[in-house]
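In the working numbering, the protein residues as written are 1 to 242.
Okay, so here's the structure we're looking at.
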Amino acid sequence: MAGRSDAASSPIVVSVGGSVLLQEDRDAAFVGDLAELLRRVGRSRPTVVTVGGGRTAREYLRLGAELGLTHVELDEIGIDITRLHARLLAGRIGLPTASHPPLSVREAVEALRHASPVVLGGTEPGHTTDAVASLIAVRVRAARVVNATDVDALYDSDPRLNPGARRLESLDWPEFLAMLRRDAGGAPGANYPFDRLGAEALARAGIPLAIVAGRDLPNLEKALVGERFAGTSVRPRGGEAS
């Protein structure tokens with residue numbers, strides 16, 4: 001399928017990692033600045049924001065695993081944490097964003113008919129917030145998905161562990177999917193470059209993905225509005241890099 005056009009009216013979707021939202025370093029100021037950015041972008045075009053669980057969710061999942069909870073129960077706890085994070089961000093954005101996040105992809109799509117930005121967390125066990133963002137993007141025929149994460153781009157290995165990791169500024173969907181299939185796993189709360197289910201949905205729909213440092217708000221805004229940005233661009237094969 002051909003990539004979506006980037007008309008000014010085309011929706012955009014951003015997946016904000018929980019590790020971006022809360023770092024114990026000026027978190028309140030950052031969330032306020034992020035809310036202002038999303039409010040501004042949301043006024044100019046339909047915008048959906050998913051928020052992850054980050055370190056907070058991983059701590060609860062670690063405790064739950066020690067207590068012998070099942071993977072489904074752990075997923076449900078992680079979803080609850082993402083919804084708390086979504087409420088923090090939505091509350092700071094204010095109206096017309098609803099303070100109680102939608103609980104499903106269908107509810108988020110419906111909410112976007114009446115308000116922008118729409119902010120939500122997870123929806124159901126087995127779906128990360130990256131996957132939720134991607135499924136919503138396909139449903140609303142989004143121009144792009146922006147993954148606001150805790151690294152500045154995609155690398156061929158973890159730059160925190162390998163100082164020689166190579167930065168990848170652009171690649172096509174088959175290349176990206178091959179990376180995910182090499183590295184993917186299914187543990188609740190695990191940290192991967194992007195969710196495989198979500199990536200496969202975006203690849204089938206021909207929707208570009210941008211991977212950027214979430215705390216660099218000027219650069220994040222460039223990625224959101226379709227300007228050239230610092231990070232990684234994943235695009236349909238034969239498409240132009242952002």
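Glycine included, every Cβ here is placed at the ideal spot set by N, Cα and C.
Would you kindly work out how many angstroms separate the C-alpha atoms of Glu-59 and Leu-67, rounded to a whole number?
Here residue 59 corresponds to residue number 59 of the sequence shown, with the count starting at 1. Here residue 67 corresponds to residue number 67 of the sequence shown, with the count starting at 1. Rounded to the nearest angstrom, the two C-alpha atoms are 13 Å apart.
Can you tell me where the beta strand (DSSP E) holding Thr-258 begins and where it ends?
Residue 258 lies beyond the stretch modelled for the chain, which goes from 1 to 242, so this question has no answer here.
According to DSSP, Ala-144 sits in a beta bridge with which residue or residues?
Here the question's residue 144 lines up with position 144 in the sequence shown. In the sequence on display, residue 144 carries Arg and not Ala. Per DSSP, Ile-12.
Along the chain, where does the alpha helix (DSSP H) that runs through Leu-103 open and close?
Position 103 of the sequence shown holds residue 103. No alpha helix (DSSP H) contains Leu-103, which DSSP labels as neither H nor E.
What's the call for Val-145, buried or exposed, on a 16-neighbour Cβ count within 10 Å?
Counted from its first residue, the sequence shown places residue 145 at position 145. Classification for Val-145: buried.
Beta-ladder partner(s) of Ile-211, from DSSP:
The residue you call residue 211 lines up with position 211 of the sequence shown. Beta bridge pairing from DSSP links Ile-211 with Asn-147, Thr-232.
In terms of residues, what are the limits of the beta strand (DSSP E) holding Asp-172?
As a first step, residue 172 must be located in the sequence shown, where it is residue number 172. In this chain, the beta strand (DSSP E) harbouring Asp-172 covers 170 to 172.
Can you grab the Cα-Cα spacing for the pair Gly-198 / Leu-161, in whole Å?
Translated into the one-based positions of the sequence shown, residue 198 becomes position 198. Translated into the one-based positions of the sequence shown, residue 161 becomes position 161. Roughly 26 Å separates the two Cα atoms.
For Ala-187, which residues from the same chain have a beta carbon less than 7 Å from its beta carbon, with the 5 sequence-adjacent residues on both sides left out?
Counting from one through the sequence shown, the residue named residue 187 turns up at place 187. Here Ala-187 scores only 48 on pLDDT, less than 50, and its place in the model should not be relied on; the value that follows carries that caveat. None.
Through-space distance from Val-118 to Gly-52, alpha-carbon basis:
Counting from 1 along the sequence shown, the entry for residue 52 is found at position 52. Counting from 1 along the sequence shown, the entry for residue 118 is found at position 118. Going from the Cα of Gly-52 to the Cα of Val-118 covers about 15 Å.
For Arg-139, which option in Arg-166, Arg-113, Gly-121, Pro-163 has the closest C-alpha, if you only look at C-alpha atoms?
Position 139 of the sequence shown, counted from the first residue, corresponds to residue 139. Residue Arg-113 is the option with its Cα nearest to Arg-139.
Ser-10 and Arg-45 closer than 8 Å at C-beta:
Counted from its first residue, the sequence shown places residue 10 at position 10. Counted from its first residue, the sequence shown places residue 45 at position 45. Yes, the pair counts as a contact, with Cβ atoms nearer than the cut-off.
DSSP bridge partner residues for Thr-50 (one or two, in chain order)
Position 50 of the sequence shown, counted from the start, is the residue given in the question as residue 50. Per DSSP, Ser-15, Leu-120.
Can you look up Leu-21 in the DSSP assignment and give me helix, strand or coil?
Translated into positions along the sequence shown, residue 21 becomes position 21. DSSP places Leu-21 in helix when its eight states are reduced to three.
Tell me whether the segment 227 to 237 and the segment 164 to 172 touch, counting them as touching only if at least three CB pairs, one residue from each stretch, are closer than 8 Å.
The answer is yes - the segment 164 to 172 touches the segment 227 to 237, with three or more Cβ pairs under 8 Å.
Using a Cβ-Cβ cut-off of 7 Å (strictly less than) and excluding sequence neighbours within five positions of Tyr-155, which residues of its own chain qualify?
Here residue 155 is taken as the residue at index 155 of the sequence shown, counted from 1. Sequence-distant partners of Tyr-155 (beyond 5 residues in either direction) whose C-beta falls short of 7 Å from its own C-beta, in its chain, are Ala-165, Arg-166, Arg-167, Leu-168.
Other residues of its chain near Val-225: CB distance less than 6 Å, five sequence neighbours each side excluded:
In the sequence shown, the residue the question calls residue 225 occupies position 225. Correct list: empty, nothing qualifies.
Reduced DSSP secondary structure (H/G/I, E/B, other) of Arg-113
Locating residue 113 in the sequence shown gives position 113, where the first residue counts as 1. Coil at Arg-113, not helix or strand.
How would you label Thr-70, buried or exposed, when you count the other beta carbons within 10 angstroms and need 16 or more for buried?
The count along the sequence shown starts at 1 and reaches residue 70 at position 70. The residue in question, Thr-70, is exposed, as its Cβ has fewer than 16 Cβ neighbours within 10 Å.
Following the continuous alpha helix (DSSP H) through Thr-82, name the residue where it begins and the one where it ends.
Residue numbering aside, residue 82 sits at position 82 when the sequence shown is read from its first letter. Per DSSP, Thr-82 is one residue of the alpha helix (DSSP H) stretching across 71 to 93.
What did DSSP end up calling Leu-154 once you bin it into helix, strand or coil?
For the purposes of this step, residue 154 is identified with residue 154 of the sequence shown, where counting begins at 1. For Leu-154, the three-state secondary structure derived from DSSP is strand.
Straight-line gap, Ser-134 to Thr-128 (C-alpha atoms, nearest Å):
In the sequence shown, the residue the question calls residue 134 occupies position 134. In the sequence shown, the residue the question calls residue 128 occupies position 128. Rounded to whole angstroms, Ser-134 and Thr-128 show a C-alpha spacing of 10 Å.
Contacts around Ala-111, its chain only, beta-carbon distance under 7 Å, and the 5 residues preceding and following it disregarded
By one-based count along the sequence shown, residue 111 stands at place 111. So the list reads Ala-98, Pro-102, Val-118, once near-sequence residues are dropped.
Measuring only the C-alpha atoms, how far is Ala-108 from Glu-76?
By one-based count along the sequence shown, residue 108 stands at place 108. By one-based count along the sequence shown, residue 76 stands at place 76. Their backbone Cα atoms lie some 19 Å apart in a straight line.
Rounded to the nearest angstrom, what separates Ile-207 and Ala-137 at their Cα positions?
Position 207 of the sequence shown holds residue 207. Position 137 of the sequence shown holds residue 137. So the two alpha carbons sit approximately 8 Å from each other.
Local Cβ density within 10 Å of Pro-163, reported as buried at 16 or more and exposed below that:
For the purposes of this step, residue 163 is identified with residue 163 of the sequence shown, where counting begins at 1. Taking all protein chains in view, the Cβ of Pro-163 is surrounded by fewer than 16 other Cβ atoms within 10 Å, so the residue is classified as exposed.
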